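Novice:
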């Protein structure tokens, strides 16, 4: 691994990955331990880099080249992974994470596919003005929906709120019951605005990807139901499986676009 901080170095400083180590389409879980759980679903894989919270593996899923890079917790570290993966040729990113659901009818273990995000995190504000929207790429959303349908997983599509903290920023009590200003009403206000879930990375991912002209989306497993208070680490493999199949479908979408001579996939270019 290069020990230079030059962001133009061939091997990237934080993720320890070079141009030949990552596929064009990359899954982004937070926890490094999830990398092996993701690659267990693939045809084959090989570790490409490991440094700090960033662990990368590259392989194939149903014959489609694919990579996975863990990003750690929160938007600042996720932004570093996105920056450096883009520098080595990645063009499509799908966050594979966990979240808290805040709408009725959303069960622990369900999937949430993000269509857009509330930018309550601070990282994206360092890239672009605050009224710039965090919007998921429509092809990525379509591929995730198609994948969830084909796999038979229960899912919801809608807006996500991304926070910078797990406790105060998500309306939870802090140490010794500390309550941040506005935390008592935060979840109810988001629910009234039809936000589906809360997590910590999607808004930065979508914002940065749009600024750079890259494709991005997110699919998260519901671990916490903020209405009932239920919490279980369930559905992790469903999110990974859905995202992996979505990458395969995106590759087929891209091929269909090339064959049709068009720039954007649409339902008229149906996939078998």
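Numbering (our numbering), first residue to last: 1 to 272.
Ideal Cβ positions, reconstructed from N, Cα and C, are used throughout, including at glycine.
These numbers come from a predicted model, not from an experiment.
Residues bridged to residue 210 by DSSP?
Specialist: According to DSSP, which records beta bridges pairwise, residue 210 is partnered with nothing at all.
Novice: Does DSSP put residue 39 in a helix, in a strand, or in coil?
Specialist: helix
Novice: From residue 100 to residue 204, what distance separates their C-alpha atoms?
Specialist: Taking the straight line from one Cα to the other gives about 18 Å.
Novice: Look up residue 34 in the DSSP assignment and say whether it is helix, strand or coil.
Specialist: helix
Novice: Please confirm whether residue 237 and residue 41 have their CB atoms less than 9 Å apart.
Specialist: yes
Novice: Mind checking whether residue 162 and residue 189 have CB atoms under 9 Å apart?
Specialist: no
Novice: Leaving out five residues before and five after residue 70 in sequence, what residues of the same chain have Cβ atoms less than 7 Å from its Cβ?
Specialist: 29, 30, 31, 32, 34, 35, 53, 54, 55
Novice: Relative to the C-alpha of residue 239, which candidate in 15, 65, 25, 144 has its C-alpha closest?
Specialist: Closest option to residue 239, Cα to Cα, is 144.
Novice: With a threshold of 8 Å, are at least 3 pairs of Cβ atoms found where one atom belongs to the segment 245-260 and the other to the segment 153-170?
Specialist: no
Novice: If you count every other CB in all the chains shown that lies within 10 Å of the CB of residue 175, and 16 or more means buried, which is it?
Specialist: exposed
Novice: How about residue 108 and residue 222: do their beta carbons lie closer than 9 Å?
Specialist: yes
Novice: Bridge partners of residue 52, per DSSP?
Specialist: None; residue 52 has no bridge partner.
Novice: Going by DSSP in three states, residue 269 sits in which element: helix, strand or coil?
Specialist: Here residue 269 sits in coil by DSSP.
Novice: In three-state terms, what does DSSP make of residue 251?
Specialist: helix
Novice: Measure the CB-CB distance between residue 114 and residue 76 and report whether it falls below 9 Å.
Specialist: no
Novice: Here's a check: name, in chain order, each residue in its chain whose Cβ is nearer than 6 Å to the Cβ of residue 243, leaving out the five neighbours to either side.
Specialist: 27, 94, 96, 219
Novice: Cβ of residue 136 within 9 Å of Cβ of residue 118?
Specialist: In this structure, the beta-carbon distance from residue 136 to residue 118 does not fall below 9 Å.
Novice: Comparing alpha-carbon positions, which option in 68, 43, 64 lies nearest residue 50?
Specialist: Nearest C-alpha to residue 50: 68.
Novice: Measure from the alpha carbon of residue 39 to the alpha carbon of each residue in 58, 79, 22, 23, then state which is nearest.
Specialist: 58
Novice: Under three-state DSSP, which class holds residue 25?
Specialist: strand
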